[in-house]
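Asks: Reading the sequence shown from the start, the letters are residues 850 to 1288 in my numbering. C-beta atoms are modelled at their ideal positions from N, C-alpha and C, and glycine is treated no differently.
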Amino acid sequence: MESNRYTKSIVNGIINHEAVVCVIGMGYVGLPLTLRLREQGISVIGLDIDESKIEKLLRGESYIRHIDENLIRSHLSNGFEATSDFARVADADVIVMCVPTPLDKYREPDLQFVKSTCRSIAPYLRPGQMVSLESTTYPGTTEEIIVPILTQGGLVIGRDIFAVYSPEREDPGNASFSVSMIPKVVAGHTENCRQVGAAFYRTIINEVVEVSSTRVAELTKLLENIQRAVNIGLMNEMKILCDRMGIDIFEVIDAAATKPFGFTRFYPGPGLGGHCIPIDPFYLTWKAREFGLHTRFIELSGEINRSVPEFVISKLVDALNDRFKVLRGSKVLVVGLAYKKDVDDVRESPSIHLMEILRKKGADVQYCDPHVPSFPEMREHHFELESVEATAEVLSEFDAIIISTDHDIFDYETIRNNAKLIVDCRGVYRGECPNVVRA
């Protein structure tokens, strides 16, 4: 399809920073993207159905630890609006969807947020707009789900409006890679769509990688995360084997990493966490069944990673038994609630899965995480808890302490010196420690 007046008009508006952008979803992906757009002088409407987020943004408050409130306040007074009103989509030239793509209770793709967002914006679409999805999903989502919804009103993709897929690559809390520094994979439903999408992302990203189709871009993101999930699964299986053999897996990994080629360092832990890594493999395995393929290797790594919390609890139970105690009724402190170190993101955190198992087995469970002062409201997990302080007096009250997330803020010497029993899931303690069990 040849470029038309809408293609040229929106590309010129983007290049000249005259286009208004609406980012839907003010979370760990959408809010940093919004602030990056404002840094480049682009007018932005931040849209979210969560009224509490919008209220905080309008007050200039940050609900994400690594995002500075001063940055939000400075942009609020100059080109950034926050709203929950989908009618504002009509005022935008570019719409970027950064919405959740979780799994349902059967561990199958749940695209309700993508579908509902598309249905919400469809009535306000007009010729000359671009719509981009950044959420992780399976190959075919743009073609099979998004395009049919966006075209229900008679608009033609590639002529009137432009459908783009460009997967997010946000790494929360990683100061080494800002939004602008991470190469951006971009695809369009048509050639015109790709042209418009590439022009948009080049205004905020240093390197744009154009690919031939939205299906390629969708699978690219899945491959990135599945590779990590599979490698962590290997390390978790090696950890369990090393435990049986009486070998320190972390020492083995560090030694293997001295090889200057052919080895990539991955570490085991208490399980997989974050919105992407534990979930994305299931998006592909579900889609693969449509093509008659059973992705055994990917599914096996998922089984191993999901089994790790039970392994950790078994190590705790054995260690308590050695001390003539049982888990039921024991006071257990989970250190680190976030899914990885030095962030406040608890999505799919293995720490929470550990807490659920502990509660079901009758333990008195608490947690300590200065980055997460109160246990957040979640759809599937309910704990009315506040983070306890890791003082010597408090630590000594617990029968066992599980180091689930190794934040730098923790004083590990104080923990070791005052804990009766430590179950170390992160390799914090090396060498012989009489009160430390590695898991």
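Following the continuous alpha helix (DSSP H) through Ile1081, name the residue where it begins and the one where it ends.
Replies: Thr1063 to Met1094
Asks: DSSP puts Leu999 in a beta bridge; with which residues?
Replies: Partner(s): none; Leu999 has no beta bridge.
Asks: Indicate whether Val878 and Ala1048 have their beta-carbon atoms separated by less than 8 Å.
Replies: For Val878 and Ala1048, no; Cβs fall outside 8 Å.
Asks: Determine which residues share a DSSP beta bridge with Val1181 and list them.
Replies: Val1214 and Ala1249
Asks: Exposed or buried, what is Met1350 when buried is set at 16 or more other beta-carbons lying within 10 Å of its beta-carbon?
Replies: Nothing about residue 1350 can be reported from this structure: the residues present for the chain run from 850 to 1288 only.
Asks: Relative to the ligand SAM, is the shortest distance from any of its heavy atoms to the C-beta of Leu1004 smaller than 7 Å?
Replies: With respect to the ligand SAM, the structure offers nothing, as it holds no ligand at all.
Asks: Considering only residues of the same chain and omitting the five flanking positions on each side of Leu1121, which have a CB-CB separation below 6 Å?
Replies: Pro1127 and Asn1154
Asks: Which of the three DSSP states is assigned to Cys871 in this structure?
Replies: strand
Asks: Output the distance between the C-alpha atoms of Leu896 and Ile873, rounded to the nearest integer angstrom.
Replies: Rounded to the nearest whole angstrom, the CA to CA distance from Leu896 to Ile873 is 5 Å.
Asks: If we call anything under 8 Å between Cβ atoms a contact, is Cys1125 one with Thr1254?
Replies: Taking 8 Å as the Cβ cut-off, Cys1125 and Thr1254 do not qualify as a contacting pair.
Asks: Considering only the alpha carbon of each residue, which of Tyr987, Val1101, Asp1257 and Thr856 lies closest to Tyr1116?
Replies: Taking Tyr1116 as reference, the option from Tyr987, Val1101, Asp1257 and Thr856 with the minimal CA-CA separation is Val1101.
Asks: Could you check whether the stretch 1148-1163 touches the stretch 1214-1225, counting it as contact only if at least three pairs of C-beta atoms, one from each stretch, sit closer than 8 Å?
Replies: Between the stretch 1148-1163 and the stretch 1214-1225 there are fewer than three inter-stretch CB-CB distances shorter than 8 Å, so the stretches are not counted as touching.
Asks: Tell me whether the stretch 1265-1274 and the stretch 1242-1250 touch, counting them as touching only if at least three CB pairs, one residue from each stretch, are closer than 8 Å.
Replies: yes
Asks: For a quick check, are the C-beta atoms of Val1057 and Lys1033 less than 8 Å apart?
Replies: yes
Asks: Rounded to the nearest angstrom, what separates Lys1209 and Ser1236 at their Cα positions?
Replies: In a straight line, the C-alpha of Lys1209 is about 20 Å away from that of Ser1236.
Asks: Could you check if Pro1130 is buried or exposed, using at least 16 other CB atoms within 10 Å of its CB as the buried criterion?
Replies: Around the Cβ of Pro1130, a 10 Å sphere holds 16 or more other Cβ atoms; the residue is buried.
Asks: Between which two residues does the beta strand (DSSP E) harbouring Lys1033 extend?
Replies: Lys1033 to Gly1037
Asks: If you draw a straight line from the C-alpha of Leu1165 to the C-alpha of Ile1251, how long is it?
Replies: 8 Å
Asks: So, is Lys1108 buried or exposed, given that buried needs 16 or more other C-beta atoms within 10 angstroms?
Replies: exposed
Asks: Which partner residues does Ile944 have in the DSSP bridge list?
Replies: Cys871 and Val980
Asks: If you reduce the DSSP assignment to three classes, tell me which class Ala1106 lands in.
Replies: coil
Asks: Just verifying my parser: in three-state terms, what is the DSSP assignment at Phe1011?
Replies: strand
Asks: If we count the other Cβ atoms within 10 Å of its Cβ and call it buried at 16 or more, is His1256 buried or exposed?
Replies: buried
Asks: Would you kindly work out how many angstroms separate the C-alpha atoms of Glu993 and Leu1149, rounded to a whole number?
Replies: 29 Å
Asks: Bridge partners for Ser1223 per DSSP, in chain order?
Replies: According to DSSP, which records beta bridges pairwise, Ser1223 is partnered with Glu1235.
Asks: Return the first residue and the last residue of the alpha helix (DSSP H) that Asp1167 is part of.
Replies: Arg1145 to Asp1171
Asks: So is Glu1017 in contact with chain C if we call contact Cβ pairs under 8 Å?
Replies: No chain C appears in the structure shown, which is made up of a single protein chain.
Asks: Can you check whether the CB of Ser1015 is closer than 8 Å to the CB of Tyr1050?
Replies: yes
Asks: Are the stretch 910-927 and the stretch 950-958 touching, with three or more C-beta to C-beta distances below 8 Å?
Replies: No contact exists between the stretch 910-927 and the stretch 950-958.
Asks: Check the C-beta distance from Gly1007 over to Arg1064 and give it rounded, since I have them as a contact under 8 Å.
Replies: Approximately 16 Å separates the beta-carbon atoms of Gly1007 and Arg1064; this is outside 8 Å, ruling out the contact.
Asks: Where does Pro881 sit, in a helix, a strand or coil, going by DSSP?
Replies: helix
Asks: For the 8 Å Cβ check, are there 3 or more pairs between the stretch 933-943 and the stretch 955-963?
Replies: As far as the Cβ criterion goes, the stretch 933-943 does not touch the stretch 955-963, which means the pair count is below three.
Asks: Determine the burial state of Asp1194: buried for a count of at least 16 other Cβ atoms within 10 Å of its Cβ, exposed for fewer.
Replies: Under the 10 Å beta carbon count, Asp1194 is surrounded by 16 or more other beta carbons and is classified as buried.
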